[in-house]
Structure formats: structure tokens, C-alpha cells
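A.B. asks: Input: one structure, supplied below.
In the UniProt record's numbering, the protein residues as written are 1 to 340.
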């Protein structure tokens, strides 16, 4: 394995929570690390959009709807710190359930957590937490290939001591050397569920009080969130997650599902037609949720090429905590190899 230097750092590709958690471990240990991401901003599936509403400009969460906390390990301690500093807040332990097209009952479960400024603010904190070394993040980099040679791996010719691909398996497989992908059991053929998020605002709240709802037995929606409840500002904004098959059918034109989604909300929530929205938009997630996971591994590491893979597919359940734990564990592995 190559020696890590500022000129040959650990390169992390992907600025979602898994990649940033990995980089945070390394930066805290003084290991040179650089994060590359193709987006204009960090976030991955914890991204949102700034929108204009009757309560002002705010962020609507379009990917992960919330996160939960299990156990008392590192993630729980991180969330406790976020809560203490006002970045995260317990949202609710009770969601509604839509059956036969109607919001008919509620169901209690684990506490779901939200944020006042959008889930991406938690990732902003990983990048630049108070009193700690900020991460170097380079946006707008659309990586084409990761290569492996005698002197170590490289990302589009950028030399690295090690490379971390913090992304869904199909994306990682497209970048990896073929033999490394085989050893890591990372395949472009692994199916992931797509999801289109439809988000809309009204001049005022017209729906009954509910935090969010699971939608059962629908070919249109699987989940609906009151984003004003989630954020704590009572903004009249709803975010709906379109069912996988309907999403797959409209990935090339996600806006085509907006009219059907809006038409279904009123009957679902009030048994009346949906009031006219001030605006409505759609965002597609081609790779929203893994159908198959590396259930017995926390991350992937290929010793021969010094390339690792992490994300929410590396664990028993695909969720925010899994992604954080995967990236953190890979960061700890690399810290043990590179730190003083």
C-alpha cells in the first residue's frame, strides 16, 4: 500500500453521509483525505431543495424522510451531540397508515428524527464541525474510472494512497477495475428500487394533523410526509414518495407523475378533492434503496488494489445509521493503516 501524503491522500468518492463519515474519521486522525462529489452540493440521498412557501424560503427533504437510532454506539453519541447543538430533533414515534386509499389509523414505532434545517445540515456538520479540522470537499467532479497500479490506485489519474467509493453498488461497479469489483462482490446487476419524490406547497394547510404515513397496497405512493411537521415550522408542504414500479416507468420524465399524485392526496387525506397547489415539482432517485445487501459485512475492502466501498447496502438494513456506520468503520480501518 502506498504511503499517504497530501499529494497522495485517501480519495473518497461520494459526499453522502457514508463518504463524509469515513472522511471525518481520517481527518480527525490527521490522515490526508479529500472528498470528490459530482453534485453541486454535498448530500447524496439526504439532499433537499430550497423552496418558497407561505412561511418563507426553506428546505424540503426529498430523499431520506427521517432517521432512527438503534443501540448506544457511535451513531447514537453523534446524534446526541447533534441534538445538544440544536441540529437534530426527535420528530415522532407515530405515523399514520393509509389503507384502501384512506388515512385510516396510526402505528407507533421507533422515534424518527428530523432536523430544523433539512437533513443535509447534518452532513454540513460532518464537513466542518466546530473545533475540528474541516474536510476538503471538491464538488462538480464526475468521476469516470478508478484504476489500480503498482504505485497505488488513482481516480481519473489523481494518485491516491487508497480510494473509497461511497455510493450504491451499481455506480461503484461502473468505476471499479473488473477484478476488484468481483472480489468486492460489487455488481452493476444488483437491483435497486427507484423512487420519484413529488413535493408541493399550498397557501395554507388543508390536511388533518399527521406527521407522515405509510401507504399500503397502492401502485401510486408508498409514503407521505408533512414536511412542515418534520421541520417543525408548520409549512404547508407535503412530500410524497412514488411507488417503485410507477417510479421506474417515469424515470425519464418524473414530472409526468405529479398530476396523479396531487389528485390522489385530497381523497386520501380528507375524502375530498385536492385544493390547488401553489407549485409542485418532482425529483427522481434512480437508486433509492438496495434490494440485496451485504448483510454480513460493514464495508468492502480490496487489499490488492487498496480500494474500499461503503454505504447503506453494507449491513442488515438500508438506513441512515447503516450508511454512517459503514463509512465510519471503513474510516477506522484506514486510520489503523495510515495514522501516525
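By construction, the Cβ of each residue, glycine as well, lies at the ideal position given by its N, Cα and C atoms.
Grouping DSSP H, G and I as helix and E and B as strand, with all else coil, what is residue 219?
C.D. replies: On the chain shown, position 219 is the one that residue 219 refers to. Three-state DSSP puts residue 219 in coil, outside helix and strand.
A.B. asks: Take the Cβ of residue 229 as the centre, count every other Cβ of all protein chains shown within 10 Å, and call the residue buried at 16 or more, exposed below.
C.D. replies: One-based indexing of the chain shown puts residue 229 at position 229. With 16 or more Cβ atoms within 10 Å of its Cβ, residue 229 is classed as buried.
A.B. asks: Check residue 261 in the structure and name its three-state DSSP category.
C.D. replies: Here residue 261 refers to the residue found at position 261 when the chain shown is read from its first residue. Residue 261 falls in the helix class under three-state DSSP.
A.B. asks: Once DSSP output is grouped into helix, strand and coil, what is the label at residue 270?
C.D. replies: Within the chain shown, the letter at position 270 stands for residue 270. Three-state DSSP puts residue 270 in a helix.
A.B. asks: Can you say whether residue 167 is buried or exposed, counting buried as having 16 or more other CB atoms within 10 angstroms of its CB?
C.D. replies: Against the chain shown, residue 167 aligns to sequence position 167. It is buried - the Cβ of residue 167 has at least 16 other Cβ atoms within 10 Å.
A.B. asks: Residue 272: which of 264, 278 and 72 sits nearest, CA to CA?
C.D. replies: Within the chain shown, the letter at position 272 stands for residue 272. It is 264.
A.B. asks: For residue 215, collect the residues of the same chain with a Cβ closer than 7 Å to its Cβ; drop the 5 residues on either side in sequence, then sort them by chain order.
C.D. replies: Your numbering for residue 215 matches position 215 in the chain shown. If we look at residue 215 and ignore the five residues flanking it on each side, its Cβ neighbours are 98, 221, 222, 223 and 224.
A.B. asks: Below 8 Å on the Cβ atoms is my contact criterion, and I expect residue 287 with residue 310 to pass it. Report the Cβ-Cβ distance as a whole number of Å.
C.D. replies: Stepping through the chain shown from its first residue, residue 287 is reached at position 287. Stepping through the chain shown from its first residue, residue 310 is reached at position 310. No, residue 287 and residue 310 are not in contact; Cβ-Cβ is about 15 Å, not under 8 Å.
A.B. asks: Please report the straight-line C-alpha distance between residue 312 and residue 325, rounded to a whole angstrom.
C.D. replies: Counted from its first residue, the chain shown places residue 312 at position 312. Counted from its first residue, the chain shown places residue 325 at position 325. Whole-angstrom Cα-Cα distance: 9 Å.
A.B. asks: Identify every run of the alpha helix (DSSP H) within the region 137-221, keeping only runs that are complete inside it and at least 4 residues long; order them along the chain.
C.D. replies: Listed in chain order, the complete alpha helix (DSSP H) runs (minimum 4 residues) inside the region 137-221 are 169-175 and 178-184.
A.B. asks: If the criterion is Cβ atoms closer than 9 Å, does the pair residue 165 and residue 24 meet it?
C.D. replies: For the purposes of this step, residue 165 is identified with residue 165 of the chain shown, where counting begins at 1. For the purposes of this step, residue 24 is identified with residue 24 of the chain shown, where counting begins at 1. Not a contact, by the Cβ cut-off of 9 Å.
A.B. asks: Work out the CA separation of residue 79 and residue 289 for me, nearest whole Å.
C.D. replies: Position 289 of the chain shown, counting from 1, holds the residue named residue 289. Position 79 of the chain shown, counting from 1, holds the residue named residue 79. Approximately 23 Å, taken between the alpha carbons.
A.B. asks: With 16 as the cutoff for other CB atoms within 10 Å, does residue 274 come out buried or exposed?
C.D. replies: Within the chain shown, numbered from 1, the residue matching residue 274 stands at position 274. Classification of residue 274: buried, given that the 10 Å Cβ count is 16 or more.
A.B. asks: Output yes or no for whether 9 Å exceeds the beta carbon distance between residue 338 and residue 160.
C.D. replies: Mapped onto the chain shown, residue 338 falls at position 338. Mapped onto the chain shown, residue 160 falls at position 160. No; because the gap between Cβ atoms is not below 9 Å, this pair is not in contact.
A.B. asks: Between the region 31-39 and the region 9-19, do three or more beta carbon pairs fall short of 8 Å?
C.D. replies: Segments in contact, yes.
A.B. asks: Where residue 202 and residue 53 are concerned, what is the direct C-alpha to C-alpha distance, given to the nearest angstrom?
C.D. replies: Here residue 202 is taken as the residue at index 202 of the chain shown, counted from 1. Here residue 53 is taken as the residue at index 53 of the chain shown, counted from 1. Distance between the alpha carbons of residue 202 and residue 53: 8 Å.
A.B. asks: Which first and last residues belong to the beta strand (DSSP E) in which residue 300 is found?
C.D. replies: The count along the chain shown starts at 1 and reaches residue 300 at position 300. Start and end: 300-302.
A.B. asks: Starting from the C-beta of residue 301, find all residues in its chain whose C-beta is less than 6 Å away, skip the five residues before and the five after it, and write them out in chain order.
C.D. replies: By one-based count along the chain shown, residue 301 stands at place 301. Once the five neighbours on either side are set aside, the close Cβ partners of residue 301 are 308.
A.B. asks: Residue 123 and residue 20 - do their beta-carbons sit closer together than 9 Å?
C.D. replies: For this step, residue 20 is matched to residue 20 along the chain shown. For this step, residue 123 is matched to residue 123 along the chain shown. Yes, they are a contact pair.
A.B. asks: For residue 314, list the residues DSSP reports as bridge partners.
C.D. replies: For this step, residue 314 is matched to residue 314 along the chain shown. Partner(s): none; residue 314 has no beta bridge.
A.B. asks: Could you give the C-beta distance for residue 46 and residue 119, rounded to a whole number, given that I count them as a contact under 8 Å?
C.D. replies: Translated into the one-based positions of the chain shown, residue 46 becomes position 46. Translated into the one-based positions of the chain shown, residue 119 becomes position 119. Indeed they touch by this definition, with Cβ atoms about 4 Å apart.
A.B. asks: Between residue 195 and the rest of its own chain, which residues show a CB-CB distance below 6 Å, the 5 nearest in sequence each way excluded?
C.D. replies: Here residue 195 refers to the residue found at position 195 when the chain shown is read from its first residue. If we look at residue 195 and ignore the five residues flanking it on each side, its Cβ neighbours are 241, 247, 285 and 288.
A.B. asks: Run through the DSSP bridge pairs and tell me what residue 335 is partnered with.
C.D. replies: Sequence index remark: in the chain shown, residue 335 carries index 335 (1-based). Residue 335 pairs with nothing; no bridge assigned.
A.B. asks: Suppose contacts are defined by Cβ-Cβ distances below 9 Å. Is residue 152 in contact with residue 2 by that definition?
C.D. replies: Here residue 152 corresponds to residue number 152 of the chain shown, with the count starting at 1. Here residue 2 corresponds to residue number 2 of the chain shown, with the count starting at 1. Yes, they are a contact pair.
A.B. asks: Just confirm the distance between the C-beta atoms of residue 22 and residue 327, as a whole number of angstroms; I'd bet it's less than 8 Å.
C.D. replies: Translated into the one-based positions of the chain shown, residue 22 becomes position 22. Translated into the one-based positions of the chain shown, residue 327 becomes position 327. With a Cβ gap of about 4 Å, residue 22 and residue 327 count as contacting.
A.B. asks: Please name the residue, chosen from 321, 250, 335 and 332, that lies closest to residue 72 on a Cα-to-Cα basis.
C.D. replies: Taking the first residue of the chain shown as position 1, residue 72 is located at position 72. Nearest C-alpha to residue 72: 321.
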